[in-house]
Each structure stands twice: as C-alpha cells, then as structure tokens.
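Residue numbers (our numbering): 18 to 471.
A virtual CB, placed ideally from N, CA and C, is assigned to each residue, including glycine.
Computed from a predicted structure; not experimentally measured.
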RNA sequence: GUGGCCGUAGCUCAAAGGUAGAGUCCGGGGUUGUGAUCCCCGUUGUUGUGGGUUCGAGUCCCAUCGGCCACCCCA
C-alpha cells in the first residue's frame with residue numbers, strides 16, 4: 018500500500034514530544050495560576066466566529082482563514098459564514114456584548130486559547146499560523162477606573178517574577194500623550210500612524226534611518242531631531258514625568274495623556290511594582306487600531322533580541338461595533354507559543370519532569386499481576402503517580418523504559434520477594450535498591466520522593 | 001505580496017559527471033531477575049517532482065513544488 022507522507026502544514030507545526038509538552042504545560046499553568054491569583058475568571062469562546070463579527074474592525078481579511086467543507090458545492094463555499102478567530106479580543110467584545118446583562122462588571126476574564134493568522138510564519142522568531150494567546154482584560158460598563166490600568170503591571174510583575182527568567186522591564190506609554198506630541202509637531206492626522214510606526218523602531222534601527230523616515234513623512238529636519246530626542250529619552254520614570262511637564266505642550270491630548278501617565282505609574286508603585294521593573298518609554302507604540310490610552314510592552318533586560326513578551330493597553334470602547342453600551346477596558350496579551358519557543362531557545366526554561374508518573378512497577382512475573390496492580394493502587398491512593406509495565410518483556414528492557422521515560426523509582430518483585438513479604442524499591446538516579454516490607458512500600462516511596470525534592 | 005538561500009535515510013550531513021555513504025536514532029543480541037557506557041548484527045532511499053544535456057546525472061540546464069531567511073505586519 019502506498020503510504021501517505023507524514024508531514025505538517027506550514028505554520029501549523031507546533032506539536033511537541035511529550036517532554037516538551039510537559040514543559041509547555043508548566044508555563045501555561047504558571048500563567049493561568051497568576052491570572053487566577055488576581056481574580057480573573059476563565060472563559061473560552063468557539064474557534065470560529067461569524068465573518069462579520071471578526072471583520073467588524075476591518076483591515077484584517079488578508080490573514081483570516083474562512084471555513085468551508087471540502088465537498089462544498091461552489092455556491093455554498095461562496096456563502097461561507099464562518100472563519101477562524103485571529104485574536105481573542107474581538108471574540109471577547111462579541112461575548113460581552115451578548116451577555117452584558119448576565120456578567121458582573123467590571124468584568125475580569127482570562128482566556129487561553131489558540132488563534133490563527135495567515136501570515137508568513139518565521140519559526141526562528143516564534144511566529145506561527147496557529148498559536149496560543151493568553152489574554153486578560155478588565156471591562157467596565159460606561160466607566161473604568163485608571164486604577165485597573167495600574168493593576169495590570171502588577172499582574173505582569175507577579176507573573177514574570179514567578180517565571181524566573183531574569184530581569185524584565187514593563188515599559189509604559191500613553192497614546193494620548195503621543196497624539197499630543199505629534200499635534201505639537203503639527204504632524205497631520207493622515208501621517209500620524211506612519212510617524213508612530215517609524216518611532217516604534219527606535220530600538221531596532223539607527224537614528225539616521227528613523228530621522229530619514231520622519232523626513233519622508235514631511236517633518237522638517239530640526240523638528241524630527243527634536244521629536245526623536247524626546248521619544249528616546251531614557252530616564253527614571255519620575256524624571257521623565259518632570260521632563261514632560263517642563264515641555265508644557267499646550268494641547269488637550271498632551272495634558273490629559275501626561276496626567277494619566279503620572280497617575281498610572283504612581284498607582285502601579287502602590288500596587289507593589291518596584292521602580293526597577295517598570296519605566297516610561299515614549300517609543301512604545303503598539304496596536305494602533307485598538308488602544309486609546311495607557312499602553313504596555315514588557316521585555317527581558319538581558320534578552321532584548323527576544324522582543325516583547327507581553328503587551329497590551331487601554332481602550333475606550335471595546336464593543337462599539339456590537340453594542341450601544343460604552344464598554345471601556347484594559348488588557349494584555351501574551352503570545353504563549355512565541356514566548357515558549359523563544360525562552361526555550363534561550364535556554365531560560367526550567368527542565369520539566371520527564372514523566373508525570375514518579376514510580377514504575379515492573380512486571381517480573383506475569384502471574385503476579387494482581388499483586389503489582391495492588392501495589393500501584395495503594396501508591397495512587399496516597400497520591401503518588403504510578404504506572405505499571407504491562408507488556409511481557411525482559412526486566413532489562415523494562416528498566417531501560419523506566420530510564421528513558423524518566424521515572425524516579427522502580428519497584429520490582431518476584432517469587433523470591435513475595436515469599437519474604439517484601440519488594441525491591443530502586444532509586445533510578447542513584448541506582449540504590451533496597452528490600453522493603455510490603456506494608457511499608459507507600460510510606461517508603463513517599464519518603465524517598467520528599468527527600469529528592471530538597 | 002517582494003528579494004536572497006536551500007531540498008540526499010526518521011534526524012544531522014558526506015559523495016566536486018562514473019557502484020548512494022557515515023554518524024545518530026530505531027530493532028535484535030552479548031545464557032538464569034536490573035537502565036544511561038561498551039561490543040556485535042540488522043532495517044531505512046523513485047537523491048522533492050517533471051523534463052532536458054550526456055555513453056553515464058545526487059552532481060550540469062530548464063520548469064515546478066516545498067522549506068528557510070529578510071522586508072511588511074504583528075504574538
């Protein structure tokens with residue numbers, strides 16, 4: 018029979034060997050645990066949504082995968098109603114708009130699910146067509162206190178501290194402030210997004226390249242240089258605020274943005290985020306379509322090349338396309354697939370357990386199966402994850418299996434041991450083996466496992 | 001979508017126009033009931049696909065498909 022070549026689809030290639038999956042799951046669990054610590058509630062939404070819901074914001078068709086059956090007749094295909102979601106924010110907006118009357122506001126939810134984008138994948142940078150996002154958002158009804166904007170850095174801080182992947186910096190900026198600055202430099206509205214995009218590259222590109230870009234957007238050389246200087250000033254956040262206050266640009270957007278930035282950073286400190294972990298950074302631009310106020314971007318201090326590991330911001334009205342109620346919100350997103358890929362590449366992840374089970378009960382004598390199963394049952398009763406080797410195989414092969422899979426303890430017993438009322442308990446790492454009376458097996462295994470942790 | 005690089009065993013790669021190989025992995029063995037080392041044996045290929053040049057093509061030429069990288073954008 019002709020075999021089908023086992024192969025994956027470009028960009029749909031994130032599957033792991035069990036050992037890597039365990040490591041991935043550990044990272045996911047850590048993120049979830051921290052979200053829950055702050056009282057965020059879990060939700061999931063369907064993988065596919067109505068096309069008009071997904072495209073309500075416009076401009077994203079290119080990367081959206083539409084749904085259609087393989088055997089669909091042409092007319093049906095043309096009428097495809099559904100498509101795979103490309104982020105978790107649009108589905109959230111739809112979700113909240115649909116359930117406004119049942120939810121408790123401010124609504125705090127976390128969502129950890131896959132999303133799909135038809136862009137060119139770049140494996141080395143952790144970019145795929147199917148990937149996990151971990152989002153938290155806080156949605157208010159009509160109003161939402163700036164204090165929630167200050168709470169977000171606190172969640173980020175707790176989470177990445179827990180991850181123990183080195184020093185990181187939560188860089189904070191404000192879209193209104195940026196808008197005010199551009200207004201001051203008389204950048205026309207139509208050119209604003211191009212200018213911001215250019216400023217967003219200050220970390221990657223040399224000054225000359227950016228000044229050139231600003232010039233081609235119509236800025237005078239002197240103004241461009243001045244703008245560049247302000248945007249790239251790196252100071253303690255208090256100093257940056259003082260500097261911005263001194264500039265005293267006279268427009269509403271600037272004044273309001275500066276006020277918000279001051280209040281949010283001040284409050285973040287009260288939430289316990291140390292000054293070493295955050296900074297005001299005017300070159301952070303982020304999500305031009307979404308955010309209207311505070312924006313965040315987090316990077317690792319020792320691994321700038323990894324880029325942003327978590328980003329988000331405040332928006333005035335989440336569900337304006339779906340509801341008349343004004344729903345302001347603030348949230349962040351972690352690209353988990355990307356984060357995992359990059360952290361693993363940089364060797365920053367803790368090694369995972371090699372198997373979820375700690376004990377392997379070998380089968381030396383198939384006739385004694387009942388006794389092996391009884392030992393395993395007793396261990397599981399005591400919350401010790403245990404596997405029984407059920408294939409008839411030479412004992413050497415069973416130990417090889419135990420070693421490869423990473424069990425910590427193997428239990429072996431045959432007629433000889435059972436005759437004495439004992440079993441052999443072996444620590445696989447140290448290769449030490451001892452006889453243990455049947456009644457004490459669980460207690461002894463538990464003791465060995467506890468010792469190893471310390 | 002635009003530009004550059006690359007397709008040989010499951011994986012990493014040799015073979016510079018003349019019989020397709022190595023390492024690794026995987027499987028078996030090294031006499032009674034103990035794994036990571038070592039030794040022996042073994043499986044694996046329409047050289048991405050199609051055409052052309054040649055006595056002869058993995059190698060040269062053309063086309064095509066696939067992959068990687070950069071740009072755009074973003075997680």
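When the distance is taken between beta carbons, is residue j closer than 8 Å to residue i?
i           : j           : result
residue 247 : residue 299 : yes
residue 312 : residue 258 : no
residue 320 : residue 266 : no
residue 62  : residue 123 : no
residue 31  : residue 145 : yes
residue 385 : residue 403 : no
residue 335 : residue 156 : yes
residue 130 : residue 101 : no
residue 177 : residue 127 : no
residue 117 : residue 340 : yes
residue 79  : residue 143 : no
residue 45  : residue 182 : no
residue 442 : residue 406 : no
residue 167 : residue 33  : no
residue 271 : residue 323 : no
residue 253 : residue 292 : yes
residue 438 : residue 454 : yes
residue 222 : residue 245 : no
State the Cα-Cα distance for the pair residue i and residue j, rounded to the nearest angstrom.
i           : j           : result
residue 372 : residue 301 : 42 Å
residue 163 : residue 347 : 9 Å
residue 451 : residue 376 : 15 Å
residue 65  : residue 132 : 10 Å
residue 359 : residue 54  : 26 Å
residue 219 : residue 227 : 7 Å
residue 231 : residue 250 : 17 Å
residue 457 : residue 440 : 10 Å
residue 268 : residue 310 : 16 Å
residue 260 : residue 160 : 30 Å
residue 355 : residue 48  : 14 Å
residue 422 : residue 140 : 28 Å
residue 83  : residue 417 : 48 Å
residue 138 : residue 462 : 47 Å
residue 36  : residue 361 : 13 Å
residue 460 : residue 414 : 27 Å
residue 236 : residue 273 : 25 Å
residue 338 : residue 88  : 34 Å
residue 212 : residue 467 : 58 Å
residue 171 : residue 388 : 53 Å
Label residue i either buried or exposed according to how many other C-beta atoms from any shown protein chain fall within 10 Å of its C-beta, with 16 as the threshold for buried.
i           : result
residue 352 : buried
residue 115 : exposed
residue 152 : buried
residue 205 : exposed
residue 210 : exposed
residue 345 : buried
residue 26  : exposed
residue 446 : exposed
residue 50  : exposed
residue 190 : buried
residue 396 : buried
residue 119 : exposed
residue 214 : exposed
residue 290 : buried
If I measure Cβ to Cβ from residue i and keep anything under 7 Å in the same chain, skipping five residues before and after, which residues do I get?
i           : result
residue 381 : 412, 429, 430 and 431
residue 308 : 192, 330, 331 and 332
residue 314 : 188, 301, 303, 325 and 328
residue 294 : 174, 185, 186 and 187
residue 158 : 122, 342 and 344
residue 383 : 409
residue 57  : 125, 126, 127 and 153
residue 43  : 369
residue 179 : 47 and 51
residue 217 : 300 and 302
Leaving aside the five residues before and after residue i along the sequence, list all residues of the same chain whose C-beta is less than 6 Å from its C-beta, in chain order.
i          : result
residue 70 : 111
residue 60 : 126 and 128
residue 28 : 138, 145 and 146
residue 23 : none
Who are the Cβ neighbours of residue i in its own chain at under 8 Å, not counting the five residues just before and after it?
i           : result
residue 262 : 275
residue 511 : This structure does not reach residue 511, given that the chain is present from 18 up to 471, and the question cannot be answered.
residue 241 : 228, 231 and 232
residue 420 : 445
residue 434 : 440, 441 and 452
residue 7   : Coverage of the chain is limited to positions 18 through 471, which leaves residue 7 absent and any answer about it impossible.
Check whether the region 264–283 and the region 193–207 are in contact - that is, three or more C-beta pairs closer than 8 Å.
With the cut-off at 8 Å, the region 264–283 and the region 193–207 touch.
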